[in-house]
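Read the structure below first, then the notes.
There are 2 protein chains.
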Amino acid sequence: MVPHLVTALNGPINELEQHVLDAMPAIERWFRLEWMEHTPPFYCAADLRNAGFKLAPVDIELYPEGWDHLSEDMLPLAVQAAQAAIEKICPEARNLLLVPRNRAHTDNFYLRNLVQLMRIFQNAGLNVRLGSIDPALRTAKKIKLPDGQVVQLDPVIRSKRRLELKHFDPCTIVLNNDLASGIPGILEELNEQYLLPPLHASSVVRRKSNYLRCYDELTKRFGKLLGIDPWLIDRQNMHAKTGDLTQAGALDALAQSCDAVLAKIRRKYKEYRIREKPFVTIQADGSGKEGTVLTLHDAREIAALDRQTRARLSARPMSSIDGEDDGPQDHEEIPSFVVQEGVPNGERIHDNVAEPVVYMMDRYVVGGLYRIHAQQQQPASDKRSGLSAPAGRKDGAHFVPLAFSERPHLPQPGAKPGASVPNRFYMYGVLARLAMVAVSYELEATDPDAETYA
Amino acid sequence: MVPHLVTALNGPINELEQHVLDAMPAIERWFRLEWMEHTPPFYCAADLRNAGFKLAPVDIELYPEGWDHLSEDMLPLAVQAAQAAIEKICPEARNLLLVPRNRAHTDNFYLRNLVQLMRIFQNAGLNVRLGSIDPALRTAKKIKLPDGQVVQLDPVIRSKRRLELKHFDPCTIVLNNDLASGIPGILEELNEQYLLPPLHASSVVRRKSNYLRCYDELTKRFGKLLGIDPWLIDRQNMHAKTGDLTQAGALDALAQSCDAVLAKIRRKYKEYRIREKPFVTIQADGSGKEGTVLTLHDAREIAALDRQTRARLSARPMSSIDGEDDGPQDHEEIPSFVVQEGVPNGERIHDNVAEPVVYMMDRYVVGGLYRIHAQQQQPASDKRSGLSAPAGRKDGAHFVPLAFSERPHLPQPGAKPGASVPNRFYMYGVLARLAMVAVSYELEATDPDAETYA
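Protein chains in written order, with my numbering: chain A, 320 to 773; chain B, 320 to 773.
Here it is, written out as structure tokens:
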């Protein structure tokens, strides 16, 4: 199925598409050179938002789920990318342990995702088993999926230095569990095995402000390469170090940051004659995946926040990496907030908000889908839907493979801007990869073991 | 279009398929380790023959044409593979010069192949131009293809150290010209640029006996890995160093080699209860692409060869690399012959012989097609059709993309042997890659510059 998209196809986004297509060789070379110096995350998925007048990544998931929603046509690409990844990480690899999220055995949809991931790694030449770190799973469990496939989950066995299953000693451990409730001790100090992504990629450890700093810097360079205003692919943002919002003065400080970001957006909207109402999102810097996100059009709304919301926003990150208490991300961290320009979502399938998600493995784009929020049928004038709700995957959302699988797949340099689906998706792939480069900078900068290499 | 195949689906080939599937992780790991030590040819295409009772590569083309016949679905794989290749060869690459075969501008079919190759390299992030070494092409020529696309061919400009076009200085030169009529001086000593494949990959320089030695050795190791008789994936062969066949004694010597190979085949046929009539092919070791190939069922046929055929068979290779006259492949080379087991072709589309061809770039399988010899409608009992005819591309042959593009692409471990198209094609991809590894061994062993690295 190919979605019919009702996207604003006029204005700056078409120019952006044209710039991206024209610069294709330069862009690919730029990425090639970046990857000589930096290591891509093992796999990831970037959520993009196409406002019609700008296009920006709004989230990047380092433990991506939903692999089962990708078009079957794209799987050989994922296999090829997985081969490239494994070849670099551990060419001698035989066994790979995939660690699912907890309670995996109760969620058939999620299990299908695991089956697909296992298929990719198996086809890349690995023996793959599922090793659960869920304390509730004490013995091996076989689950029969509706389509007849049988999935086996085994509880992991931790020895002093290794994580294993009975009769299965992996050299590589891939997490499909973002450890949102904290880094478990069972995954620490596995110095003999490759643990991917590394623990400091978990959303409980990551700080949005680190990522944004890296992404901002990259868009400046990338904008120069393309000859475009970096704002077209970035979001205005500010890191508001206010402290706990339940404390005096903190709310004022946060309101000032909101005002500043809103003012910047207003200026840009004026410059590009955009007749939307600017808005910002606010979330705690270390709030992770489950954290509260506020959406505001006016900084004065902040003063009106009730105590409960303030407390919820300020809630400290649940955990950082144990034993790293002396690091910059220690438990004494003062709450701070990221205020980001909100990007209206201009893509619709029927009347539903459709969010493109681009899947990557190693340095390659290997697929994509539209996440469709069926329950959020809001009037088209209010295009920010989905922003304040945590991007839940089970809250009525469904998925449509991105038309990456439509012929022709490859960008068509001659086509009219906005008219060619592959050209739009090439642009999406470029932006998603830019977010991926930013993550690689971020993870290098926050690597707790970095001293040992320096 | 997916061909309907009338392949013998019983017997050893199904067991082979099962062995290959069962060993998938071990096979992929084996290739991974091979590619740590050896360099794959930049691109290549392997012709396979599936006899129903055995499967063997019968030719490997290092300057593959026909890219336009690949399924559009497979192109992203080729792009990804090209990216991987370029990243290793020259990550800073901006400009790539593609050198077509001579007379390219007179052949629209071939030009479409070039357009497709250019598209692949452009999407991998390179500026691509066509640089002709055809002395007949003195000025730039634009050709409009029937589909409206315009292709421009420029004559190359040779400076002391570099090959360029006007205003286009490539760092990488890719040959899509196998230099069958000899290595031109204009391509020699380009020490500042990457020339791919290297000149000693040309069929005028290659010796079949070198390749066969490498392939035989590999099948022994690979057979052990799979737990199979290597004969199931290899061909009996012998290098007959007889000298010129017009000289006394040479014919007898060649007949003895034929007898020996035929006896070996007979033994294998008996072992596997194959009721085919064994046959062999004979060709001069350095006969290149255009050389004569004889097909014989009985060594006594050799004595009956007329003088003309003998002379044609013994014709010396047209050229080796100029300036390498002191090397092992000098002009004084004594004619020798390779006698190889003939493999009957068991695949049919309707009543036509269908030959699978697997395309590879860097270390990856990126597509495939069936080459169909429409004019060779021979009775099914005579399955060796196409053997003695040079595998011409314009002699009425046409092309059908291999059903690599059919869902699901990926091997399905549970399927009944012989029943799953992706499983058969996985096996084809494995055999094609085995031939590719053999080529990489061969090119290492025959590299005229090897001393400088040693």
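Note that the Cβ used here is the ideal one computed from N, Cα and C, for glycine as well.
*Counting along the chain, where does the beta strand (DSSP E) carrying residue 656(A) start and finish?*
In the first sequence, counting from the first residue as 1, residue 656(A) sits at position 337. Per DSSP, residue 656(A) belongs to the beta strand (DSSP E) from 656-660.
*DSSP three-state assignment for residue 758(A), whether helix, strand or coil*: Taking the first residue of the first sequence as 1, we reach residue 758(A) at position 439. Residue 758(A) falls in the helix class under three-state DSSP.
*Start and end residues, beta strand (DSSP E) containing residue 558(B)*: To locate residue 558(B), count along the second sequence from 1; it is residue 239. That run of the beta strand (DSSP E) goes 556-559.
*In or out: residue 469(B) buried (at least 16 other Cβ within 10 Å) or exposed?*
Numbered from its first residue, the second sequence carries residue 469(B) at position 150. Result: exposed.
*Let me know the secondary structure DSSP gives residue 440(B) once reduced to three states.*
The residue given as residue 440(B) occupies position 121 in the second sequence. DSSP places residue 440(B) in helix when its eight states are reduced to three.
*Would you mind reading off the limits of the beta strand (DSSP E) that contains residue 530(B)?*
Position 211 of the second sequence holds residue 530(B). From DSSP, residue 530(B) is part of no beta strand (DSSP E) but of the alpha helix (DSSP H) over 527-545.
*For residue 341(A), name the three-state secondary structure that DSSP assigns.*
Here residue 341(A) is taken as the residue at index 22 of the first sequence, counted from 1. In the structure shown, residue 341(A) sits in a helix (DSSP, three-state: H, G or I).
*Taking a cut of 8 Å between CB atoms, which residues from the region 458-477 of chain B lie near chain A?*
none
*3-residue-minimum beta strand (DSSP E) runs that sit fully inside the region 370-413 of chain A, ordered along the chain*: 374-380
_Please report the straight-line C-alpha distance between residue 350(B) and residue 341(B), rounded to a whole angstrom._
Counted from its first residue, the second sequence places residue 350(B) at position 31. Counted from its first residue, the second sequence places residue 341(B) at position 22. Approximately 16 Å, taken between the alpha carbons.
*Meets three-Cβ-pair contact criterion under 8 Å: the region 583-596 of chain B and the region 549-557 of chain B*: yes
*asked:* Under DSSP, the alpha helix (DSSP H) around residue 691(A) begins and ends at which residues?
replied: Here residue 691(A) refers to the residue found at position 372 when the first sequence is read from its first residue. Per DSSP, residue 691(A) belongs to no alpha helix (DSSP H); it is in the beta strand (DSSP E), 683-692.
*Spell out whether any CB of chain A is found under 8 Å from the CB atom of residue 436(B).*
Numbered from 1 along the second sequence, position 117 holds the residue referred to as residue 436(B). By this cut-off, residue 436(B) is not an interface position.
_Taking 8 Å as the threshold (beta carbon to beta carbon), is residue 489(B) in contact with chain A?_
In the second sequence, the residue the question calls residue 489(B) occupies position 170. Not closer than 8 Å to any Cβ of chain A, the Cβ of residue 489(B) fails to qualify, so no.
*Residues within the region 364-389 of chain A neighbouring chain B, beta-carbon criterion of under 8 Å*: none
*In angstroms with no decimal places, state the Cα-to-Cα distance between residue 656(B) and residue 398(B).*
The residue labelled residue 656(B) in the question sits at position 337 within the second sequence. The residue labelled residue 398(B) in the question sits at position 79 within the second sequence. Residue 656(B) and residue 398(B): Cα-Cα distance of roughly 39 Å.
*asked:* I'd like to confirm something about residue 480(A): is its beta-carbon nearer than 7 Å to some heavy atom of the ligand NAD, or not?
replied: This structure does not include the ligand NAD; it has no bound ligands of any sort.
*Flag this pair as touching only if the region 565-584 of chain A and the region 334-348 of chain B have three or more C-beta atom pairs under 8 Å; answer yes or no.*
no
*asked:* Buried or exposed for residue 546(A), going by 16 or more other Cβ atoms inside 10 Å?
replied: In the first sequence, residue 546(A) corresponds to position 227, counting from 1. So residue 546(A) counts as exposed.
*Using alpha carbons as the reference points, say which of 445(A), 666(A) and 430(A) lies closest to residue 410(A).*
Along the first sequence, one-based indexing puts residue 410(A) at 91. Nearest of 445(A), 666(A) and 430(A) to residue 410(A), Cα basis: 445(A).
*Select from 682(B), 689(B), 747(B) and 740(B) the residue whose C-alpha is nearest the C-alpha of residue 348(B).*
Walking along the second sequence from the start, residue 348(B) turns up at place 29. Answer by Cα proximity: 682(B).
_Partners in chain A for residue 444(B), counting only beta-carbon separations shorter than 9 Å_ = As a first step, residue 444(B) is located in the second sequence; it is residue number 125 there, counting from the start. Ordered by position in chain A, the residues that pass the 9 Å Cβ test against residue 444(B) are 343, 344, 345, 346, 347, 348, 349, 350 and 351.
*Reference residue 375(A), options 382(A), 366(A), 522(A) and 381(A), closest by Cα*: Position 56 of the first sequence, counted from the start, is the residue given in the question as residue 375(A). Considering only alpha carbons, the answer is 366(A).
*Hey, how far is the Cα of residue 429(A) from the Cα of residue 501(A)?*
Locating residue 429(A) in the first sequence gives position 110, counting from the first residue. Locating residue 501(A) in the first sequence gives position 182, counting from the first residue. Roughly 20 Å separates the two Cα atoms.
*Taking only beta-carbon atoms, is residue 360(A) less than 8 Å away from chain B?*
Position 41 of the first sequence, counted from the first residue, corresponds to residue 360(A). No, residue 360(A) does not count as interfacial toward chain B.
*asked:* Buried or exposed for residue 613(A), going by 16 or more other Cβ atoms inside 10 Å?
replied: For the purposes of this step, residue 613(A) is identified with residue 294 of the first sequence, where counting begins at 1. With 16 or more other Cβ atoms within 10 Å, it is buried.
*Determine the direct distance from the alpha carbon of residue 332(B) to that of residue 510(B), and round the result to whole angstroms.*
The count along the second sequence starts at 1 and reaches residue 510(B) at position 191. The count along the second sequence starts at 1 and reaches residue 332(B) at position 13. Whole-angstrom Cα-Cα distance: 46 Å.
*So which of 581(B), 352(B) and 559(B) has the shortest CA-CA distance to residue 408(A)?*
Residue mapping note: residue 408(A) aligns to position 89 of the first sequence, counting from 1. Considering only alpha carbons, the answer is 352(B).
*I think residue 474(B) touches residue 458(B), with their Cβ atoms under 8 Å apart; what is that distance to the nearest whole Å?*
For the purposes of this step, residue 474(B) is taken as residue 155 along the second sequence, with counting starting at 1. For the purposes of this step, residue 458(B) is taken as residue 139 along the second sequence, with counting starting at 1. Indeed they touch by this definition, with Cβ atoms about 7 Å apart.
*asked:* Just to confirm before moving on: does the CB-CB distance between residue 583(A) and residue 555(A) stay below 8 Å?
replied: Mapped onto the first sequence, residue 583(A) falls at position 264. Mapped onto the first sequence, residue 555(A) falls at position 236. In this structure, residue 555(A) lies closer than 8 Å to residue 583(A) by Cβ.
*asked:* Taking the alpha-carbon of residue 443(A) as reference, which of 620(B), 346(B) and 661(B) has the nearest alpha-carbon?
replied: Locating residue 443(A) in the first sequence gives position 124, counting from the first residue. Among 620(B), 346(B) and 661(B), the Cα nearest to that of residue 443(A) is on 346(B).
*Which residues of chain B have a Cβ atom closer than 8 Å to the Cβ of residue 683(A), listed in chain order?*
Against the first sequence, residue 683(A) aligns to sequence position 364. In chain order: 399 and 402.
*Check the Cβ-Cβ distances between residue 441(B) and every residue of chain A, and say whether any is below 8 Å.*
Along the second sequence, read from residue 1 onward, the residue named residue 441(B) stands at position 122. For residue 441(B), the answer is yes, since a Cβ of chain A falls inside 8 Å of its Cβ.
*CA-to-CA distance, residue 401(A) to residue 751(A), given in whole angstroms*: As a working note, residue 751(A) is residue 432 in the first sequence. As a working note, residue 401(A) is residue 82 in the first sequence. If I take the Cα positions, the gap works out to 18 Å.
_Which residues in chain B have a C-beta closer than 8 Å to the C-beta of residue 448(A)? List them in chain order._
Counting from one through the first sequence, the residue named residue 448(A) turns up at place 129. None at all; the shortest Cβ gap to chain B is about 12 Å.
*From which residue to which residue does the alpha helix (DSSP H) around residue 628(A) run?*
Counting from one through the first sequence, the residue named residue 628(A) turns up at place 309. Where residue 628(A) is concerned, the enclosing alpha helix (DSSP H) stretches over 626-633.
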